[in-house]
Amino acid sequence: MKSKLMTAGLAAWFAFAITPAGAQISFIKHTLATIGKPLDVTVGDLNSDGHPDLATVSTTDGEVAWWESNGQGGYTKKQIRTGFDGGRTIRSGDIDGDSDIDLIAASINLKRIEWYENDGSQKFTIHVLDGNFRGAHTVQLYDLDRDGDMDILCSGWDNSAALSEMAWWENKGNQVFTKHVVSSSMDQAPFIDVADIDLDGDLDLIGSDEISGEIYWWENNGFQSFTEHLIDGQFTLAHTVLARDIDKDGDPDILAAAVSSGMMAWYENKGAGTFEKHAMENLGGAIWLDMADFDSDGDNDMVATGMSATQLVLYANNGRQGFTKSLITGGLTSGFALNITDLDQDGDQDVVAIGTNSNFLGWWENTSDRIALIQSPSWVAPGPVAGNFLVVNNDLGNIIATSGSEPVQGIVNPGYCQGITLVGNLLYACSGSALNVYRPETGISIASYRTDAQFLVGIAPAPSGMIYLSAPLDGKILGFNPITGLFQMVAEGLNYPGALMVDPVSGEILLLDGEEEITVKSINPANGSISIKQQTSIKAGGDIETDGVGNFYISSPSMNSIFVNTSGWSAPIMLYRTGLGGPWGMWFDKLTHDLVVVMNGGNRIERIPATASGTWDIPAARSSLMSVYPNPFTDRIRVCIPGGCRPGSVLKLVSPEGKVIQGQTRFCSELRSTDFVLDRKGQGILQPGIYYMIYTDESRTLTAPLIHIR
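Numbering (our numbering), first residue to last: 14 to 723.
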């Protein structure tokens, strides 16, 4: 729930209603239909109206059908065919490359794989992919050879004495497919899935053998030649295996369920093709285990169903892959398959499921209170999307992204986190003694760098590409080079260094030092020399930020106030705003000239206008603050020119040796435009290092350093 909040002297931006810490993941069950022994369900927008539709295969009458959504929770069944005896799985995707969604299904009894061509008006033409694939069980759609079209995969679950195959059909275009056998020595292979297991840039396979109780992965050499590797030889009656990055470390893990033995486990990808097994408790007739971030707290939870279980089972993640079991209300007997998707398009993940013997098709609406994500927020940084913010929650130990309106999205849940910053397209977070790096859109872990500090608190990027960190218990400031991954000592002998920032004009590190009361100190990053800017009576624990024109704002959560210095530290700090809800982390939004402030005691984020009138407004200094991003830069480098482009403009990318890597003359499309893009695509490979963007016109030269990481 959103509400506007107005207090004396404060223009509040937005506030969030908060529920108590530990709010549970919750669902509401919706029954859609009773159908004759369904065996699989898939989700896809089959009529291209923007609403997710469903498709099913069922045993009674061998029916293949799709269920048209009206966008309001209602579904109408559209029969595609009957007589598909033993239909086991169904998937959706654009098989013929005509931009609408087709379907493909496999039948064990008929030894048959069919695909259903959508003409765009939901009239389906039946095509036989393979009419003699023994025990055709699980079919999948992936662009396995990375040539731009959908290939088809299938596992063979044959209950005779004959061996089964794992195979894929290469899409040659024009509805022509060529079969390739991956393995012909499986006893009964109920499942196949696809992921880049070894992170070498091509797609590998995973699969199971139910008779032998084995789980495998097949390594792709880049040319679709596969080498078999055993993951587990003791997973009795192995059935469903799904490639999922449950720990968000950037590589695919494996979720597994064994239907007859009830065993479940997830296999942590340790790299180099090795896995660590994490066994879970048995679930009666366990047949499906999958994952999603159901509570949007930044970690992945799991949900499971079983043939002899009576309900869907939820496993809530504590952020460190510790799972708490609970039963999802509503009941589901003979659960056979489930599909996780945002069915009601409200920004969270729902569950679609079938019950085979109970003839059930329905879905569980996710009603978890995602607004409860903002609890005791401490630090804030701009997000990867304009208007979004990344926020650290002390109580929940996670990092979220929000624009101030729903949905709030969990990014990552490290369990403990202090300062954060966004440098280019990467999120850097202090977590204990480690500096962790994530992709801010997904929370996928990129790297973790361990320091010798007891723990890190403050973090601040510099235009040079360095990142500075404070270690309060050690009384020191560290510098981190994101190119080399190395730390260096910048300064030591401090009292209790907390929040810090880099002064954009002087280049000094400004620091709030002190455990009880704040002393503002400056550090020369070149030689580590420390000087006192001002001693204060401000209670410690907040943040420091500048508006870039000589005004420095300091927050104090324990004093419920924000203070300001407008004199270049030559005059005392003054009270700026009071009566706040525990202001902590701050970020200055130069577009709106506001301070974005997290209220630690108020469980909200507010915009406070930065209207202090300082005497240190230096136009010459401000005119040099050209910004370049992403930084570390990618192929497309965006450049912001303060004051706008002027006649005679030249933009150059220059190496440290002064060599012009790329230049653009008179690039302004119109005078006084401020933002431009220099496209590096097709310009050749650059070595990692520091580069410079230089802008010149008839009256000025602006320079900004930027870093390149391969």
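Note that CB positions come from ideal geometry on N, CA and C, so glycine has one too.
Bear in mind that the values here come from a model prediction, so they are computed numbers and not experimental data.
The criterion of a C-beta distance shorter than 7 Å is satisfied by Y708 and I654.
The beta carbon of S668 is closer than 7 Å to those of I674, Y704 in its chain, skipping five residues each way along the sequence. The beta strand (DSSP E) runs lying completely inside the segment 496 to 584 and spanning 3 residues or more are 499 to 504, 510 to 515, 522 to 526, 530 to 536, 543 to 552, 557 to 559, 565 to 569, 574 to 578, given in chain order. In the DSSP assignment, Y429 falls outside any beta strand (DSSP E), carrying neither H nor E. Under the three-state reduction of DSSP, G86 is assigned to coil, being neither helix nor strand.
When only Cα atoms are considered, K91 and G375 end up about 16 Å apart. In the DSSP annotation of this structure, the continuous segment of the beta strand (DSSP E) that includes K42 starts and ends at 40 to 47. In the three-state reduction of the DSSP assignment, T73 falls in the helix class. Per DSSP, the unbroken beta strand (DSSP E) holding V207 starts and ends at 205 to 208. Exposed is the label assigned to Q467, since fewer than 16 other Cβ atoms lie within 10 Å of its Cβ.
Closest option to L218, judged by alpha-carbon separation, among I412, V195, N449: V195.
Just so you know, the alpha carbons of L345 and I48 end up roughly 14 Å apart. Residues G554, G555, G595, P596, W597, N613, G614 of the same chain have their beta carbon placed closer than 7 Å to that of P570, with the five preceding and five following residues left out of the count. The beta carbon of L439 sits closer than 6 Å to those of V450, all from its chain and outside the five residues before and after it, given in chain order. Scanning the segment 141 to 218 for uninterrupted beta strand (DSSP E) segments of 3 residues or longer gives 149 to 155, 164 to 169, 177 to 186, 189 to 199, 205 to 208, listed from N- to C-terminal end. Measuring C-alpha to C-alpha distances from F500 to each of S580, A317, D465, G676 identifies D465 as the nearest. For the segment 345 to 383, the full-length beta strand (DSSP E) segments reaching 3 residues or more read 348 to 354, 363 to 368, 373 to 379 along the chain. Note on geometry: alpha-carbon atoms of I353 and A251 lie some 21 Å from one another. Collapsing the DSSP output to three states places C653 in a strand. Separation of V518 and G561 (C-alpha to C-alpha, rounded to the nearest whole angstrom) is 8 Å.
Assigned with DSSP and collapsed to three states, R659 falls in coil, not helix or strand. Shown here for T55: same chain residues with a beta carbon closer than 6 Å to its own, the five before and five after excluded, namely A68, I103, R104, S105 in chain order. Following the DSSP letters along the chain, one finds S461 inside the beta strand (DSSP E) bounded by residues 458 to 463. Nearest Cα to G75 within the set T89, D58, I93, L435: I93. Of the residues assessed, M179 falls on the buried side of the cut-off, its CB having 16 or more other CB atoms within 10 angstroms. Minimum Cα-Cα distance from Y328 among the listed residues M320, L340, G319, A322 corresponds to L340.
Looking at the DSSP output, Y589 sits in no beta bridge, so it has no partner there. If you look at M293, you'll find it in the beta strand (DSSP E) that goes 287 to 293.
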